[in-house]
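There are 4 protein chains.
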Amino acid sequence: MNVAIIGASGYTGLELIKLLLTHPKFTITYIANSTGDINVQDLHPCLKDVLNIEVSKANANDVAAKADLAFLALPHKTSMSFAKELLALDVKVVDLSADYRLELDTYEEHYCAHEDKDNIPNSVYGLPEYYKEEISSAKLVANPGCYPTASLLALLPFVDYIEEGTQVFIDAKSGISGAGKKLTELAHFANLNENMMAYNPFKHRHMPEIEEKIKLVKNKEFQINFVPQLIPVTRGMLISVYATLKDEVNVEEILEETYKNNEFVRVRKSAVDIKSTAGTNFCDVFVARNKKALFINSSIDNLLRGASSQAVVNANLMCGFEENEGIPKLAYVP
Amino acid sequence: MNVAIIGASGYTGLELIKLLLTHPKFTITYIANSTGDINVQDLHPCLKDVLNIEVSKANANDVAAKADLAFLALPHKTSMSFAKELLALDVKVVDLSADYRLELDTYEEHYCAHEDKDNIPNSVYGLPEYYKEEISSAKLVANPGCYPTASLLALLPFVDYIEEGTQVFIDAKSGISGAGKKLTELAHFANLNENMMAYNPFKHRHMPEIEEKIKLVKNKEFQINFVPQLIPVTRGMLISVYATLKDEVNVEEILEETYKNNEFVRVRKSAVDIKSTAGTNFCDVFVARNKKALFINSSIDNLLRGASSQAVVNANLMCGFEENEGIPKLAYVP
Amino acid sequence: MNVAIIGASGYTGLELIKLLLTHPKFTITYIANSTGDINVQDLHPCLKDVLNIEVSKANANDVAAKADLAFLALPHKTSMSFAKELLALDVKVVDLSADYRLELDTYEEHYCAHEDKDNIPNSVYGLPEYYKEEISSAKLVANPGCYPTASLLALLPFVDYIEEGTQVFIDAKSGISGAGKKLTELAHFANLNENMMAYNPFKHRHMPEIEEKIKLVKNKEFQINFVPQLIPVTRGMLISVYATLKDEVNVEEILEETYKNNEFVRVRKSAVDIKSTAGTNFCDVFVARNKKALFINSSIDNLLRGASSQAVVNANLMCGFEENEGIPKLAYVP
Amino acid sequence: MNVAIIGASGYTGLELIKLLLTHPKFTITYIANSTGDINVQDLHPCLKDVLNIEVSKANANDVAAKADLAFLALPHKTSMSFAKELLALDVKVVDLSADYRLELDTYEEHYCAHEDKDNIPNSVYGLPEYYKEEISSAKLVANPGCYPTASLLALLPFVDYIEEGTQVFIDAKSGISGAGKKLTELAHFANLNENMMAYNPFKHRHMPEIEEKIKLVKNKEFQINFVPQLIPVTRGMLISVYATLKDEVNVEEILEETYKNNEFVRVRKSAVDIKSTAGTNFCDVFVARNKKALFINSSIDNLLRGASSQAVVNANLMCGFEENEGIPKLAYVP
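Protein sequences appear in the order of chains G, E, U and A.
Per UniProt numbering, the very first residue in the first sequence carries number 1; after that it's consecutive.
Per UniProt numbering, the very first residue in the second sequence carries number 1; after that it's consecutive.
Per UniProt numbering, the very first residue in the third sequence carries number 1; after that it's consecutive.
Per UniProt numbering, the very first residue in the fourth sequence carries number 1; after that it's consecutive.
Below you can see the structure in the form of structure tokens.
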């Protein structure tokens, strides 16, 4: 099946290219960014002698002429206008931006005015462990944010056991690639190496995404208190969820039970680390309890399970392929 | 004033040497480790052409003959037998181990049988912001653990405002130097770089130390749920404390008010980082609130404020010097 | 074709497992280490839910019963005795140790007494760019060392142009994975991060390997002066070769010409970096000239092109497959 | 003695502030950058509660009114016009830029037109081991570049023993702080961590500086072939010098003899590392020989010995103080 990648310049664009190059069912027929007129090897020198293709200036009609499905690795706002055009041209879309992840009100409160309201109700939240069926019949999938992916996979199994009215805290740590290629003071090696810091505590836009999805999946409302942090690591994400249980339940069993049929969630017997999931689509999860205090610990590759490989899983499901077709499981270890 | 360093081989021993070498009031007259018979330059090659002194095999009578105060940078258990001898010989002691930090019962539950019970009641917990007066007249100071130092300085100002019966969570991150020089798999560069992981969640021995001191200082009992983590950083520590407030109080003001007269706690207006305190005795603290959800964020150098420079502050107070004599304030930045 | 991996515990063993798991022609039928009696997932936790196979205690007859070709990722000396047995049982061998890389005299001078002298003349040095034909008909391939691979691919094209009698210098930098999993002071994160240092200057055992192969391939003798260094990087290797040219020749052209038909050597227009080859079998090479002074710069993944993926290329050739079957080209970027 | 720091925003400006704050003889009376109107704590948040002083917009008359000596941590070209004014106002100058390091012709070939030609003959090259006497009576000292400092201290002792007409190669590695605070792709953590690369091989402007000084000090001409490289390290520099000796001389003795009376050069018995000099003014040097092949290995802190602490040593000498007054010797270890 022919696919297009729109937004090839960034990290998630590169990861999409790499994943699709070795995918047994998808063929890349179109790659675009905002300017075009460059060979993909000049955009990503690591692709020299690997892929020789011209990057186009993104155009919806060209996509429709060449591909059945498009991955949009675009900034929010840019994404919605392009998705709208593609959907009208009957191209399936996996959108890696935030544009179709939220209900309209939540979106407009935290991002900007929405310009493709019609397609919001048709979009499916692309967290395969919870929306597999809906994704399979969707034309538009909103790929979850990296923090929400790791946080929801950790938290959702326990939502029914958490004492209502108590606070849920998420202490999240991300590698710097999560902030993209942008040159910022924080991303300067001299500032980040041998360092670590929180940013936007209680104010990150992934916080409402987590709250909304918990309500949607479990019909429970919790105040989610989310503190993202940068660690001196390029790729990877580690999440600590802290909550208060109603009872001293068997949390290991709950976790095992929830994910026993899910190929890409691995329940671990000890605290998880970043490297075991880096390079893969796995989400590793571990849980511990201190009387009624709950600690759930998850790890993903922020660029893969938090973006590009989860997008390809979604595309697999949308196209009727096996969920695991071409999806990486071999970690960047050592 | 003449001082001895017992336990010169480890990281905290080296930091003590460096601090005392440039201290205006203290003179190092005796350095020992468990074997002796080595020049300090061979133990720590960075001291070549800086300090030329033989390291002795630790002996209490020799210490008493040469020094008025001794810093013990020894493993727990070893420390108490040596401290006992020194105190009997009228040498003041700053003990960097855990041996005199806890009440007898707590100690024996989490460490081992205590062999110097008589001196426990005379020991003072060396957190200067809360025990300055007691330290000033003490003969034996138990230097706090690194995690408790950063956690207590963050948490104590808010203890009276936290809803009773709610859970307090501490998500703590430490550089690998906190685990000492020991060669372990976790400390191998190939395992730690580009990685991060929790260890001993809810089971670390600093957890009861934090609980006990909160009760001691504030007469409040809270279940402290402590999750320590290793980050790919050599020195530094970053703490997230999460708790639930009774009311939506002005947390910034509470923090400012608590530490307005403390030279070595800096209240910050935004999330703290590790590098701004690395190389110094500062504890940087920041606080944020989301309705009744509380986030307190602190940073220290685990080897200095978490061990050696706090020990020298304690020694300053015990000897009647200014708290800040010879105490570093200039960070390892960039 | 069925293959065995002997020596599964180390980094190169893990890389072999990962490569062969996704290889279209080879099937892993036997994995062994020195103790056996462990599941591969317990040896390498990143393989959980990926590969479920018991690791055996290495036994030559078992290998012969189950596999046509064996990869030996064993320490030198251990390797030769095992290879000898396998060859007698008609199993093809790719040996990743040093045991068959050198002529007998050179080997015994720098390593130890050789216990399988008979097979030395039949072994082929597995540098495919220079020995493709010999490898294709070999039963025993000696996989080159990591430093020699990167150094020879850089240096060989220029040997005929270097002024005879002048010194050739190689300033080589390796990630710590090159030293294996062993717990050493140098490999401790606190010692290696924010650090870098040479080790064994002019005394590393890869120095005679480079000298010998230059003589063998080009029939020229040069004094190779080799200085290996450790960098705060897990995987990757960067080489600077410095030499003096006879004439001010067009070095870019020489390099292009040499490798124009080699899929896994990429000639670069600017200085090479480590990350563009990490995760791949590529060797990136760049050359610059300052009058008669020559600088050749090469980069490889020390665990792949410097060990495991080069071993699989050799196995491909030995079995009549395409050189590039199952060989990775997609770098660990970002 | 009152001193001014002009150019307080960069890394070397910050290091000057830190050095001078604890200096027993110098008092900072004026700090400036190009904009002024900011407190130094807002420029460098690590100075909060350490130094409370307004940063001025740089003005020569203000400097002259408040200080006897000025440190210029300015970009080249900006520096010369400011130095000219200060010298006319009888303020002593230590210039950390390149503006007075080179002879006029060399300077104009590699940098730009010189606008203060008159002061060039009066400037002294501030490498104290070789120009101590001249520095002591100078009004204008040109502080050497970081690469030339480490390269010259390594190479100068051996110049007389190197075979004439042979090539000298310098393989130099610098932490990223050497490139300043500028936000560049290379300095982005995701590009530099787990990476390393050469830049401007044979074309860096420190190459003619090294060549010129060798000729000046030793009256010998050598083609210096200089390859700078970036390593994933914040501060520190490691140099490999490779050359060909006339005879198989005792290189250890030559090195020992050269520096036996120099407090800030430490001759090491094994290969040097970066961390042992980080945070100090030391240059560590080691030498090895393979027949006539020579390897000299040096390490400095690029921001201190390569810039700010060497500048303070020069200021000490210019003002008649002891060379080591206020100069740091305690490394950032671990």
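Virtual Cβ for every residue (Gly too), placed ideally from N, Cα, C.
Going by the beta-carbon positions, is the gap between residue i and residue j smaller than 8 Å?
| i | j | result |
| --- | --- | --- |
| G/Ala-293 | E/Gln-167 | yes |
| A/His-23 | A/Gly-306 | no |
| A/Asn-2 | A/Asp-62 | no |
| G/Asn-314 | G/Val-94 | yes |
| A/Gln-230 | A/Leu-192 | It is worth fixing the name first, because residue 230 of chain A is Leu in this sequence and not Gln. Yes, they are a contact pair. |
| A/Lys-181 | A/Gly-10 | yes |
| U/Ala-83 | U/Ala-4 | no |
| E/Asn-262 | E/Glu-129 | yes |
| A/Leu-238 | U/Met-196 | yes |
| E/Ala-187 | U/Phe-189 | yes |
| A/Ser-270 | A/Phe-286 | yes |
Measuring straight from C-alpha to C-alpha, what distance separates residue i and residue j?
| i | j | result |
| --- | --- | --- |
| A/Pro-45 | E/Val-272 | 10 Å |
| U/Ala-73 | U/Glu-323 | 21 Å |
| U/Lys-139 | U/Thr-280 | 25 Å |
| A/Asn-290 | A/Ser-240 | 14 Å |
| U/Leu-86 | U/Gly-145 | 22 Å |
| E/Leu-14 | E/Lys-275 | 20 Å |
| A/Ile-296 | U/Phe-202 | 12 Å |
| A/Asn-30 | A/Leu-89 | As written in the sequence, residue 30 of chain A is Tyr, which differs from the Asn given in the question. The straight-line gap from Cα to Cα measures roughly 16 Å. |
| A/Ala-64 | G/Lys-48 | 57 Å |
| U/Leu-152 | A/Ser-177 | 33 Å |
| E/Lys-57 | U/Ser-56 | 48 Å |
| E/Glu-103 | E/Ile-214 | 13 Å |
| U/Val-233 | G/Phe-226 | 32 Å |
| A/Ala-60 | A/Ser-123 | 19 Å |
| residue 398 of chain A | G/Ile-6 | The first residue shown for chain A is 1 and the last is 334, placing residue 398 of chain A beyond what the model contains. |
| A/Phe-169 | U/Tyr-242 | 7 Å |
| U/Lys-218 | U/Pro-121 | 19 Å |
| residue 345 of chain U | U/Val-159 | Absent from the structure is residue 345 of chain U, since the part of chain U shown begins at 1 and ends at 334. |
Three-state secondary structure (DSSP) at residue i?
| i | result |
| --- | --- |
| E/Glu-134 | helix |
| G/Pro-45 | helix |
| G/Asp-105 | helix |
| G/Asp-273 | strand |
| U/Ser-240 | strand |
| G/Leu-96 | coil |
| U/Thr-78 | helix |
| A/His-23 | coil |
| G/Leu-72 | strand |
| E/Ser-29 | Contrary to the premise, residue 29 of chain E reads as Thr rather than Ser in this sequence. Three-state result, E/Thr-29: strand. |
Who are the near neighbours of residue i in its chain, counting only those whose CB is closer than 8 Å to its CB and skipping five residues on each side?
| i | result |
| --- | --- |
| U/Lys-25 | Met-1, Asn-316, Cys-319, Phe-321, Glu-325 and Gly-326 |
Which same chain residues, not among the five before or five after residue i, have their C-beta less than 7 Å away from its C-beta?
| i | result |
| --- | --- |
| G/Glu-163 | Thr-244, Leu-245 and Lys-246 |
| E/Thr-12 | Ala-73, Leu-96, Leu-303, Ala-307 and Ser-308 |
| G/Ala-278 | Arg-235, Gly-236, Asp-301, Ala-331 and Tyr-332 |
| G/Asp-284 | Arg-266, Arg-268, Val-272, Ser-276, Thr-277, Ser-298 and Ser-299 |
| G/Glu-134 | Val-124 |
Can you find the residues in the same chain that come closer than 6 Å, C-beta to C-beta, to residue i, ignoring five residues on each side of it along the sequence?
| i | result |
| --- | --- |
| E/Ala-311 | Phe-71, Val-94, Leu-96 and Asn-143 |
| A/Asp-99 | His-76, Ser-79 and Met-80 |
| E/Lys-329 | Thr-280 |
contact_flag[the segment 199–215 of chain E, the segment 100–117 of chain E] where n(CB pairs < 8 Å) is 3 or more
yes
Taking one C-beta from the segment 167–177 of chain A and one from the segment 249–256 of chain U each time, how about it: are there three or more such pairs within less than 8 Å?
no
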